[in-house]
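Protein chains in written order, with the working numbering: chain V, 1 to 566; chain E, 1001 to 1342. For every residue, glycine included, the Cβ atom is placed at its ideal position computed from N, Cα and C. To start, the structure under review is shown below, and the notes come after it.
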């Protein structure tokens, strides 16, 4: 064979290989027309069983195919989906002592395969959450609270809790219980394997209750959804939704600008201006979902395991000075296109925010004065020092580009008041690693750490306060599983936090939430920068009218059955 | 020859063990698979996380984890799993790499080999055509510029190929998207579709391949062109070429049959070194063009510290390197009868 012939042979081989593969992968073809909505996701879901994934993108894909008992609108109003009405004390759904919920489903509900969706499926779901063999990582709050679940009749079930539970959404609505497992599919799997954790059904689900059904998942590339005629609100007007994965956000934005994508749910704040400029037909929508970006101080003590932070941080005056020295207004305006604004409150943009506390202004002179007071005086090199120790802080965050931009700006702002910071960035998998696995935050390898905390927008029980800032959760050699990586401890705040979780009196809960905000403003274990929005972009030329997008705390597709394409 | 091959295969076994041990330590130190839960809305409790760690065997010393990776844990004493009422005992189910079980992906909980199987074909669909086009073009251009050394065309080709060679791939990729897709649409031309592999038809697949293949060829071409040009130049100055010309052979015949055949030998080494890495895919290109290939799988697994998937990819590559090295040596004897192994 001559070289020429060999090349011809190889070309023919590759071409036939490609044709064979294309033949194997032959899929239902789609066109981007009035029946198909094309959505771009920056990440691919890892699991289609909502109880096993902590990924936002997995939750979003799951929300398309699994109906919740109830949802929240864009204005945080609850809407019943599968339940007839939201249980309350007035309608008898919640017992006097808040320990028993009686929940009624709408009559005649059906799964996508036509089988009836009844209270039996709900009872089964709660039983699966309760069973430790399943280890449902997203069901922990329910499992810890639930004492018993019983079937009343085909459309009614009753939940009994071990303590008063004032917030039904944590336990029956979204986000607490956002998927329901079809008993007729999962029970045989459970009986066969003894656990649902590794079920193929989690990866390739076949039965659905939501507005769409998953028709095809091309791994690494796309998911195709088709309208579910059995959906409780009727078959959606848009017949198909194609989610395409664009791991590179630049190319995702280019596809949006070119009209190849109709809807993108993950525009980063810092990218809003250029996305808006890339195509005049794009409409941008920001919905606040309860995430707050913050700078966390390392207040750990020496000798308990984790590395202790810089000694200066132990002095509350230094922490307050740092907050005064950071110009958060400029950061939100210049780097984040004004999509958000600074906050001091850990309840920012929720009904429980104490607006009277205000926002600490940018005041570098006041900051310098406080630092002088604390004994950290300017040294000859422009960096403050005390007893030979320089005020030089290790300031770290993840490798996300927008976070690194903020780091650089804060570094300059702090330099103006004589605080030097060393910037560090880590992959999220190392940064948020556990104590046992030498996670950067958990083992205290930082002085200032920038990452998000989250707050529930629908009730004042704040998971960040409860876990990441409580005395009991401080991580150490004795408590390696602790979630409090700052070392901050204030028993008064822990008491208030307990009131927000368990008090049955809404006024008392609100007062406790206000107390927490006051303590955090005065003690500054973390500097809140700004609430982070969920930023959506959609192409107005493709949709009929404007569309309603749900709050990030609930389900962005809560109204998708009413969306319509041109 | 058979003995030679046998010896090489036997030699590669301890080598693969050493490689796998180093890689296992390396991939395990890259991060924490549980870190994903830190910023999630419903954080699993400390006990839930402990159960995950125990089930995945991540609470054990690294040497023991390596042993489990190799020979499985189904023969080991059961694992204690804490529950509300005491402890549960669970038997291990892993059989280990040596018994054909490459482990379960921490992220999807499916066999890690399944994840490779889904991606490998698409990587080859992208990489093999790009590589063939690169090599064929490089041979044509390399010979052309060697024969016309320092001519206008030689200089032009050299400049253009170096222009692309010195560009970062992400820039070429984003620029080509910008021009051929975004701007084409604004200019009223039919934009070239990109992102993924198309809607399942062959025509659509080809269209979606245009831009990524163009980018891969553009940045790889220059290296090969320079290589072939210089090895051709070396051969063209040999005495036997002068002899061939003196015999009155046509110039084309001299270049093709006498010069190129001899200049091609080092090219075989280069191709033999590069071929196994076609399996690795192209990280940046696959990311930007949303191509479901191996490079992306590796990066995504890295981001989630998915050790079993990373290990499977790296071991597939290690085996491929060993195999292709051996194949290259065998091809040598076929191309050059002077070479003999014993």
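Buried or exposed (CB count within 10 angstroms, at least 16 for buried), residue 566 of chain V: As a working mapping, residue 566 of chain V is identified with position 566 in the first chain. Residue 566 of chain V is exposed by the Cβ-count criterion.
message: What does the alpha-carbon distance come out to for the pair residue 247 of chain V and residue 1189 of chain E?
response: As a first step, residue 247 of chain V is located in the first chain; it is residue number 247 there, counting from the start. As a first step, residue 1189 of chain E is located in the second chain; it is residue number 189 there, counting from the start. In a straight line, the C-alpha of residue 247 of chain V is about 27 angstroms away from that of residue 1189 of chain E.
query: Residues of chain V with CB under 8 angstroms from residue 1297 of chain E, in chain order?
result: Your numbering for residue 1297 of chain E matches position 297 in the second chain. Neighbourhood of residue 1297 of chain E in chain V, by CB distance below 8 angstroms: 220, in chain order.
field: Within chain E, the residues that residue 397 of chain V reaches when beta carbons sit closer than 7 angstroms
entry: Mapped onto the first chain, residue 397 of chain V falls at position 397. Chain E residues near residue 397 of chain V: none, gap ~12 angstroms exceeds 7 angstroms.
task: Could you pull the start and end residues of the beta strand (DSSP E) that residue 153 of chain V belongs to?
output: Counted from its first residue, the first chain places residue 153 of chain V at position 153. Where residue 153 of chain V is concerned, the enclosing beta strand (DSSP E) stretches over 146–153.
message: So, does the region 1130–1148 of chain E touch the region 1223–1234 of chain E, judging by three or more C-beta pairs under 8 angstroms?
response: yes
message: Please confirm whether residue 1174 of chain E has its beta-carbon closer than 7 angstroms to some beta-carbon of chain V.
response: Here residue 1174 of chain E is taken as the residue at index 174 of the second chain, counted from 1. Judged by the 7 angstroms Cβ criterion, residue 1174 of chain E is in contact with chain V.
- prompt: chain E partners of residue 46 of chain V, CB-CB under 8 angstroms?
  reply: Translated into positions along the first chain, residue 46 of chain V becomes position 46. Residues of chain E whose Cβ lies closer than 8 angstroms to the Cβ of residue 46 of chain V are, in chain order, 1107, 1108 and 1304.
query: By Cβ distance below 7 angstroms, which residues in the same chain neighbour residue 445 of chain V in space, the five residues on each side in sequence not counted?
result: Numbered from 1 along the first chain, position 445 holds the residue referred to as residue 445 of chain V. Scanning its chain for C-beta atoms nearer than 7 angstroms, with the 5 sequence neighbours on each side dropped, one finds around residue 445 of chain V the residues 307, in chain order.
field: Closer than 7 angstroms to chain V by CB, residue 1061 of chain E
entry: Position 61 of the second chain, counted from the first residue, corresponds to residue 1061 of chain E. By this cut-off, residue 1061 of chain E is not an interface position.
task: Could you have a look at residue 1341 of chain E and say whether DSSP puts it in helix, strand or coil?
output: Against the second chain, residue 1341 of chain E aligns to sequence position 341. In the three-state reduction of the DSSP assignment, residue 1341 of chain E falls in the coil class.
query: According to the neighbour-count rule (16 or more other Cβ atoms, all chains shown, within 10 Å of its Cβ), is residue 533 of chain V buried or exposed?
result: For the purposes of this step, residue 533 of chain V is taken as the residue at position 533 of the first chain. The residue in question, residue 533 of chain V, is buried, as its Cβ has 16 or more Cβ neighbours within 10 Å.
field: Chain-ordered neighbours of residue 245 of chain V on chain E, where CB pairs are closer than 7 angstroms
entry: Position 245 of the first chain holds residue 245 of chain V. Here the neighbours are 1290.
- request: Please specify which runs of the alpha helix (DSSP H), each continuous and at least 4 residues long, are wholly inside the region 1252–1287 of chain E, giving them in chain order.
  value: 1261–1274
Contacts of residue 1383 of chain E in chain V (Cβ-Cβ under 8 angstroms): Outside the displayed range of chain E (1001 to 1342) lies residue 1383 of chain E, so it cannot be described from this structure.
message: Please tell me whether residue 367 of chain V and residue 321 of chain V are closer than 7 angstroms, where the distance is taken between their beta carbons.
response: Position 367 of the first chain holds residue 367 of chain V. Position 321 of the first chain holds residue 321 of chain V. Going by C-beta atoms, residue 367 of chain V is nearer than 7 angstroms to residue 321 of chain V.
query: Leaving out five residues before and five after residue 1074 of chain E in sequence, what residues of the same chain have Cβ atoms less than 8 angstroms from its Cβ?
result: Along the second chain, read from residue 1 onward, the residue named residue 1074 of chain E stands at position 74. Correct list, in chain order: 1091, 1092, 1093, 1094 and 1095.
message: Once DSSP output is grouped into helix, strand and coil, what is the label at residue 41 of chain V?
response: Looking up residue 41 of chain V in the first chain gives position 41. Strand at residue 41 of chain V.
- prompt: What residues in the region 135–161 of chain V bring their beta carbon closer than 9 angstroms to a beta carbon of chain E?
  reply: 135, 136, 137, 138, 139, 140, 141, 143 and 144
message: Which of the three DSSP states is assigned to residue 131 of chain V in this structure?
response: Taking the first residue of the first chain as 1, we reach residue 131 of chain V at position 131. Of the three classes helix, strand and coil, the one that applies to residue 131 of chain V here is coil, per DSSP.
- request: Measure the beta-carbon distance from residue 1322 of chain E to residue 1016 of chain E and round it to whole angstroms, keeping in mind my assumption that it falls under 8 angstroms.
  value: Here residue 1322 of chain E refers to the residue found at position 322 when the second chain is read from its first residue. Here residue 1016 of chain E refers to the residue found at position 16 when the second chain is read from its first residue. Indeed, because the Cβ distance is near 7 angstroms, the residues count as touching under 8 angstroms.
Three-pair Cβ contact test at 8 angstroms for the region 402–417 of chain V versus the region 349–360 of chain V: No contact exists between the region 402–417 of chain V and the region 349–360 of chain V.
query: Looking at C-beta atoms only, is the number of pairs between the region 1275–1287 of chain E and the region 1210–1224 of chain E that lie closer than 8 angstroms three or more?
result: yes
- prompt: Cβ atoms of residue 51 of chain V and residue 41 of chain V: under 7 angstroms apart, would you say?
  reply: Sequence index remark: in the first chain, residue 41 of chain V carries index 41 (1-based). Sequence index remark: in the first chain, residue 51 of chain V carries index 51 (1-based). For residue 41 of chain V and residue 51 of chain V, no; Cβs fall outside 7 angstroms.
- prompt: What are the partner residues of residue 1104 of chain E, as DSSP defines its beta bridges?
  reply: By 1-based counting over the second chain, the position of residue 1104 of chain E is 104. Note: residue 1104 of chain E sits in a beta bridge opposite E/1111.
message: Checking 7 angstroms against the spacing of the C-beta atoms, do residue 342 of chain V and residue 329 of chain V come in under that value?
response: Working through the first chain from its first residue, we reach residue 342 of chain V at position 342. Working through the first chain from its first residue, we reach residue 329 of chain V at position 329. Result yes, Cβ atoms of residue 342 of chain V and residue 329 of chain V sit closer than 7 angstroms.
query: Which runs of the beta strand (DSSP E), 3 residues or longer, sit entirely within the region 1006–1034 of chain E?
result: none
- prompt: Where residue 24 of chain V and residue 1121 of chain E are concerned, what is the direct C-alpha to C-alpha distance, given to the nearest angstrom?
  reply: As a position in the first chain, residue 24 of chain V is number 24, starting the count at 1. As a position in the second chain, residue 1121 of chain E is number 121, starting the count at 1. Interpretation of residue 24 of chain V is limited by its pLDDT of 48, a score under 50 that renders its predicted location unreliable; the figure taken from the coordinates is listed afterwards. C-alpha separation (whole angstroms): 11 angstroms.
Residue 1110 of chain E versus residue 1104 of chain E: straight-line alpha-carbon distance, rounded: Position 110 of the second chain, counting from 1, holds the residue named residue 1110 of chain E. Position 104 of the second chain, counting from 1, holds the residue named residue 1104 of chain E. Using only the alpha carbons, I get a separation of about 5 angstroms.
- prompt: Counting only beta-carbon atoms, is residue 338 of chain V nearer than 7 angstroms to chain E?
  reply: The count along the first chain starts at 1 and reaches residue 338 of chain V at position 338. With 7 angstroms as the cut-off, residue 338 of chain V does not count as an interface residue toward chain E.
- request: Find the residues of chain E that neighbour residue 412 of chain V, judging by a C-beta separation of less than 8 angstroms, and give them in chain order.
  value: As a position in the first chain, residue 412 of chain V is number 412, starting the count at 1. Residues of chain E passing the Cβ test: none, with the nearest at roughly 26 angstroms.
- prompt: For residue 351 of chain V, does the count of other Cβ atoms within 10 angstroms reach 16, so buried, or fall short, so exposed?
  reply: On the first chain, position 351 is the one that residue 351 of chain V refers to. That one is exposed.
query: Between residue 1118 of chain E and residue 1089 of chain E, what straight-line distance do the alpha-carbon atoms span, to the nearest angstrom?
result: Taking the second chain and counting its residues from 1, one reaches residue 1118 of chain E at position 118. Taking the second chain and counting its residues from 1, one reaches residue 1089 of chain E at position 89. Going from the Cα of residue 1118 of chain E to the Cα of residue 1089 of chain E covers about 34 angstroms.
task: Going by CA-CA distance only, name the one from V/271, V/369 and V/347 that's closest to residue 318 of chain V.
output: For this step, residue 318 of chain V is matched to residue 318 along the first chain. Taking only the C-alpha atoms, the option nearest residue 318 of chain V is V/369.
- prompt: Does any C-beta atom of chain E lie closer than 7 angstroms to the C-beta of residue 41 of chain V?
  reply: Numbered from its first residue, the first chain carries residue 41 of chain V at position 41. It does not: the Cβ of residue 41 of chain V has no partner Cβ on chain E nearer than 7 angstroms.
message: Tell me which residue opens and which closes the beta strand (DSSP E) that residue 217 of chain V is part of.
response: As a working note, residue 217 of chain V is residue 217 in the first chain. Here the beta strand (DSSP E) through residue 217 of chain V covers 212–218.
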